[in-house]
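Chains as they are written, first to last, in the working numbering: chain Y, 46 to 332; chain E, 41 to 276; chain U, 74 to 414.
Using N, Cα and C, we set each Cβ at its ideal position, and we do this for glycine too.
Below is one structure; the comments refer to it alone.
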Amino acid sequence: MDVVNALAQGLLLGGLYALFACGLSVVFGVMRIVNLAHGDLAIVAAFCAFVTLSATSLPLWLVAVVTVPVFSVVGYLTQRLLLQRSLQSGPLATLLVTFGLSVVIQNLLLELFSADTRTLDAGSFATSALEVGDVSLSYVGITGLVLAVGSIVAIQLFLSRTSSGRIMRATSDDPQTAALVGADARRVYGIASAIAFATVAMAGIVMAIRSSFDPSLGPAQLLFAFEAVVIGGLGSLWGTLLGGLALGVVQSLVAVADPSSSVLAGHLLFLLVLAFRPQGLVPARAS
Amino acid sequence: MSAVLQVHDLDVHHGQLRAVSGLDLELDAGGKVAVIGANGAGKTTLLRCLAGALPASSGRVLLDGEDVTELPAHRRVRRGVALVPEGRRLFPSLTVEENLLTGRNAGRSGSWDLAAVYELFDWMPERRRQPSGSLSGGQQQAVAIGRALMTNPRVLMLDELSLGLAPVVVRRIYETLPRIVAEGCAVLLVEQDVSQAMAVADHVHCLLEGRTTLAGPPSQLDRAAVEAAYFGLAEA
Amino acid sequence: MSAGVPAVSRSGRSTRPTSVVGAVLLLVLVALPFLVYEDVTSSLVSLFVLIVIASMWNLLAGFGGLVSVGQQAFIGVGAYTVVALADAGVPPYLGVLMAAVTAAALALPTSFLAFRLRGDYFAVGTWVIAEVYRLVLVKIDSLGGPSGRSLTGMNDVDATMRAAFTYWLALGVAVVSVATCFWLLRGRIGLALTAVRDDEVAARASGVDVTRAKRVMYLVSAAGCGAAGGVLVVDALSVQPNAIFSVQWSASMIFIVVIGGIGYLEGPIVGAIVYFLLQQVLADAGSWYLVLLGCVAILVATRLPRGLWGTVHDRWGLSLFPVDYRVTRAPAAEPCPAVRT
Ligand SMILES: Nc1ncnc2c1ncn2[C@@H]1O[C@H](COP(=O)(O)OP(=O)(O)O)[C@@H](O)[C@H]1O
Ligand SMILES: [Mg+2]
Chain Y
46 MDVVNALAQG
56 LLLGGLYALF
66 ACGLSVVFGV
76 MRIVNLAHGD
86 LAIVAAFCAF
96 VTLSATSLPL
106 WLVAVVTVPV
116 FSVVGYLTQR
126 LLLQRSLQSG
136 PLATLLVTFG
146 LSVVIQNLLL
156 ELFSADTRTL
166 DAGSFATSAL
176 EVGDVSLSYV
186 GITGLVLAVG
196 SIVAIQLFLS
206 RTSSGRIMRA
216 TSDDPQTAAL
226 VGADARRVYG
236 IASAIAFATV
246 AMAGIVMAIR
256 SSFDPSLGPA
266 QLLFAFEAVV
276 IGGLGSLWGT
286 LLGGLALGVV
296 QSLVAVADPS
306 SSVLAGHLLF
316 LLVLAFRPQG
326 LVPARAS
Chain E
41 MSAVLQVHDL
51 DVHHGQLRAV
61 SGLDLELDAG
71 GKVAVIGANG
81 AGKTTLLRCL
91 AGALPASSGR
101 VLLDGEDVTE
111 LPAHRRVRRG
121 VALVPEGRRL
131 FPSLTVEENL
141 LTGRNAGRSG
151 SWDLAAVYEL
161 FDWMPERRRQ
171 PSGSLSGGQQ
181 QAVAIGRALM
191 TNPRVLMLDE
201 LSLGLAPVVV
211 RRIYETLPRI
221 VAEGCAVLLV
231 EQDVSQAMAV
241 ADHVHCLLEG
251 RTTLAGPPSQ
261 LDRAAVEAAY
271 FGLAEA
Chain U
74 MSAGVPAVSR
84 SGRSTRPTSV
94 VGAVLLLVLV
104 ALPFLVYEDV
114 TSSLVSLFVL
124 IVIASMWNLL
134 AGFGGLVSVG
144 QQAFIGVGAY
154 TVVALADAGV
164 PPYLGVLMAA
174 VTAAALALPT
184 SFLAFRLRGD
194 YFAVGTWVIA
204 EVYRLVLVKI
214 DSLGGPSGRS
224 LTGMNDVDAT
234 MRAAFTYWLA
244 LGVAVVSVAT
254 CFWLLRGRIG
264 LALTAVRDDE
274 VAARASGVDV
284 TRAKRVMYLV
294 SAAGCGAAGG
304 VLVVDALSVQ
314 PNAIFSVQWS
324 ASMIFIVVIG
334 GIGYLEGPIV
344 GAIVYFLLQQ
354 VLADAGSWYL
364 VLLGCVAILV
374 ATRLPRGLWG
384 TVHDRWGLSL
394 FPVDYRVTRA
404 PAAEPCPAVR
414 T
């Protein structure tokens, strides 16, 4: 069954998109900004893992486990040292800064690593799959989906159960009043950024195991992540998961008929949602 | 008694507009000072500046004798200055209890905790899981006060508690003030209703166009002088 | 409120000399193909294209508040319009005009989708839309599919003449673009957008049709980018979809405007010249050039948010194109707090 298989592959792909998207969703929810370098950061993570892997004899899983927290620290620092400044200079500045960052990252990677495509060598893990009937679900794909769901559950728990999460929601509602109860917006934004960097690093590494990558792939990942957020509905993490899955499934199903149209079909789904259901599949709770 | 909060020659601007000018004020521990004045007199601007939400253009704000003029809002609340903002400003995506808990973020210990707030407002426990937007105006005001109390402030500032509330509700909220002061916290409140303010406070401060036009204990102020100072009718 | 009587003026200090110098400069530029070698004029074509697309982006972002990362959609549409019309026998120079019209025509329905998104989401949304245009166009086999096409109908033109005509075309498009921005911003739309920039809520409340003004900006900006795309294809004699629809065009527009000074008509021109010179100097540096440019843009956006021209403007009140109403308020003698009722 081609269609059933395509559906299953689409869900796995969509899981990866959701993993790309959840950080974008969090940052937009808290700071109302989109980091245009989001996709490029995933590629940076992939190259970091690639370099570490070739320079050391560490196993891939360990490299990944180290890269992710390192990225969250880098995310916190990027926010505090670079983006916070631009947040204060008005709404244009953050876009310009993150767009500049995106161009810098892409071209730096190009100079350092050339335009050659690479893959992260994950040995048998990359090639083995779970066979369910006629459908074969790759372990890498399953990992992506599980990480997406896991990340979203973790972020939700963080937001609803911890005091930092509570203050993050308060800051998202009303930063001035949040300051009156002691919230330091810079710290809150730093944490949101750390979450985004950590999840996008995971996504980048999973993507790099799944398929080959090169320095130019960042923007496409940003667009898919963005589409997942909008399709799902702004301000809802579960919506983002659903949006990612919908995007993956549509791309995958269309690819059965015409592989060259699959990305276009995803974009069209996004435009359809924009035209007919601008609040997204799962609208955020009305306040 | 020693002064908890001292304000010297304070100026606050909104852009070009000087909304507070040359203001002096003292607040003793356990004291209740009311700032009165017409709409646009600069009362909110004053409180927001004292809370650190607006920068002072000149002048000094001292807390327990220490200069806090340059401290931003989130650090000032950690030193014990809490503001219940005009219009309540609860966090709409948080429940009642979560709104209260945000006050813990100030990191101050003291007698105010969830249990104490729930004892002060006995209807609140039932509603603690509700989204804050589902409450009535008076209940929201109570949550806003509770949230500020949860920071265990030395100075509690209340901006127009009665705004948009029915008189009975206002009275019930004011009835809680003595309890709050009894816990050792000074209160600086802004009120448009002059008789309400005169009844509650032990010191009244009248603002007109950002300047103090009259100040003193309510017992020593006569009605006509207050009215003149309030509306700027004659020279006070 | 009784602040000193405000005086509203439009002419900057340097307006009059500007017209004289401008006229002379224009004459020299027009005569340039007779004065210098072809390589000079041909590199100026790319400068003019940069000025056009940057002015259009400035119109959108600096005045309309619409930060787009998808204007390459209309550059591509313009280029392909010229190619398609040339197949039908329309001379490419005329085709450039049609390119502008086509781009504006497609921008109208596009705007209804894109305007559903605000702020940063608008930016990424327009980028997606540009990708859609690219992916749809590469499906049209007669336009060369993914590998692109060459332009027909230019073979019978003598090479020297062609270079001169292309130069004049580019110059013409650049002059018309800058003049259009100037004219638009002096008119009612400019006023409306200035009001919006200062206070959107108040502007809406006072009956300014903000969305309409923004839509006009969007259409004009698409037309300009369409014409620029037309010039590019006439200059290169071929079109390649990935290049013409590249987000790199957005990067150029954005960097030029940010560095030159966003919200000033002079900004894109100053920025384009700086960008162009850097490009010439760093031609051998490869990608490092873009790394450097990105860093400069980040620095300017955070440290010098008004860009080069804005800084000049602030310091010396210099303005070549007086479009903004400058309100000079005499300082009030006494502080005069307004009383709200
Ligand atoms: N955010 C602001 N921007 C500009 N002016 C303001 C702002 N807030 C208040 N004002 C002005 O400052 C003055 C004092 O306002 P406010 O402090 O709110 O007065 P009150 O609380 O006594 O009614 C008024 O003239 C008001 O118009
Ligand atoms: Mg007020």
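C-beta neighbour in chain U for residue i, strict 8 Å
i	result
Y/Leu132	no
Y/Gly145	yes
Y/Leu140	yes
Y/Val336	As shown, chain Y starts at 46 and ends at 332. That puts residue 336 of chain Y outside it, with no answer to give.
Whole-number beta carbon distance between residue j and residue i, since they are thought to touch under 8 Å
i	j	result
U/Leu216	U/Leu210	6 Å
Y/Ile276	Y/Leu262	Actually they are not in contact, since the Cβ atoms of Y/Ile276 and Y/Leu262 sit about 21 Å apart, beyond 8 Å.
E/Ala113	Y/Leu225	6 Å
U/Arg222	U/Ser319	Contact flag wrong, Cβ pair sits at about 17 Å.
Y/Gln333	Y/Leu58	Examination of residue 333 of chain Y is not possible in this model, given that chain Y is present from 46 through 332 alone.
Y/Ala301	Y/Asp47	One point to set straight first is that residue 301 of chain Y is Val, not Ala, in the sequence displayed. Correct: roughly 5 Å between the Cβ atoms.
Y/Phe144	Y/Leu81	5 Å
Closest residue to residue i among the options (Cα-Cα distance)
i	options	result
Y/Gly55	Y/Leu316, Y/Leu326, Y/Gln324 and Y/Val308	Y/Val308
U/Gly336	U/Val103, U/Leu105, U/Ala196 and U/Gly135	U/Gly135
E/Asp242	E/Ser61, E/Ser202, E/Gly70 and E/Leu205	E/Gly70
Y/Gly311	Y/Gly178, Y/Phe170 and Y/Glu272	Y/Glu272
U/Ile124	U/Thr284, U/Thr384, U/Gly302 and U/Ile202	U/Gly302
CB contact check: residue i to chain E, cutoff 8 Å
i	result
Y/Leu227	Rather than Leu, the amino acid found at residue 227 of chain Y in this sequence is Gly. Output row for Y/Gly227: interface = yes.
Y/Ser332	Only weak support is given to the placement of Y/Ser332: the predicted model assigns it a pLDDT of 34, under 50, and the value that follows is read from those uncertain coordinates. With 8 Å as the cut-off, Y/Ser332 counts as an interface residue toward chain E.
Y/Thr188	no
Y/Gln221	yes
Y/Ile78	no
Chain Y contact for residue i (CB, 8 Å cutoff)
i	result
U/Ala405	With a pLDDT of only 38 at U/Ala405, under the threshold of 50, the placement of this residue in the model should not be trusted; the figure read from the coordinates follows. Chain Y, which has no Cβ nearer than 8 Å to the Cβ of U/Ala405, makes this no.
E/Asn192	no
U/Ala243	no
U/Trp361	yes
E/Ala276	Any answer about E/Ala276 is weak, because its pLDDT of 41 lies below 50 and its placement is not dependable; what the coordinates show is given next. It does not; no Cβ of chain Y falls within 8 Å.
U/Phe394	no
U/Pro378	yes
E/His48	no
U/Val197	yes
U/Arg277	no
U/Glu204	yes
E/Val117	yes
U/Ala134	yes
U/Ser128	no
E/Leu203	no
U/Asp387	no
U/Ile371	yes
CB of residue i within 8 Å of CB of residue j, strictly
i	j	result
Y/Asn50	Y/Val149	no
U/Gly299	U/Ala159	no
E/Glu231	E/Ala74	yes
U/Ala152	U/Val306	yes
E/Ala244	E/Ala237	Note that residue 244 of chain E is Val in the sequence shown, not Ala. For E/Val244 and E/Ala237, yes; Cβs fall inside 8 Å.
E/Leu45	E/Leu103	yes
Y/Val274	Y/Ala66	yes
U/Val304	U/Ala232	no
E/Gly92	E/Ala59	no
U/Ile329	U/Ala127	yes
So, do the region 370-383 of chain U and the region 157-175 of chain Y have three or more beta carbon pairs nearer to each other than 8 Å? no
Spell out a yes or no on whether the region 92-102 of chain Y and the region 220-236 of chain Y are touching, meaning 3 or more CB-CB pairs, one atom from each, closer than 8 Å. no
Hey, is the region 235-253 of chain Y in contact with the region 132-151 of chain E, meaning 3+ C-beta pairs nearer than 8 Å? no
Does the region 95-105 of chain Y come into contact with the region 160-174 of chain Y, if we say contact requires no fewer than three beta-carbon pairs (one atom in each stretch) closer than 8 Å? Touching, yes.
Between the region 101-119 of chain U and the region 277-296 of chain U, can you find at least three pairs of beta-carbon atoms closer than 8 Å? no
Taking 8 Å as the cut-off, does the region 116-123 of chain Y touch the region 99-106 of chain Y (at least 3 CB pairs, one atom from each stretch)? no
At a cut of 8 Å, does the region 187-197 of chain Y reach the region 247-258 of chain Y through at least three beta carbon pairs? yes
Any chance the region 197-209 of chain U sits against the region 140-150 of chain U, with 3 or more Cβ pairs inside 8 Å? yes
Any chance the region 191-198 of chain E sits against the region 207-225 of chain E, with 3 or more Cβ pairs inside 8 Å? yes
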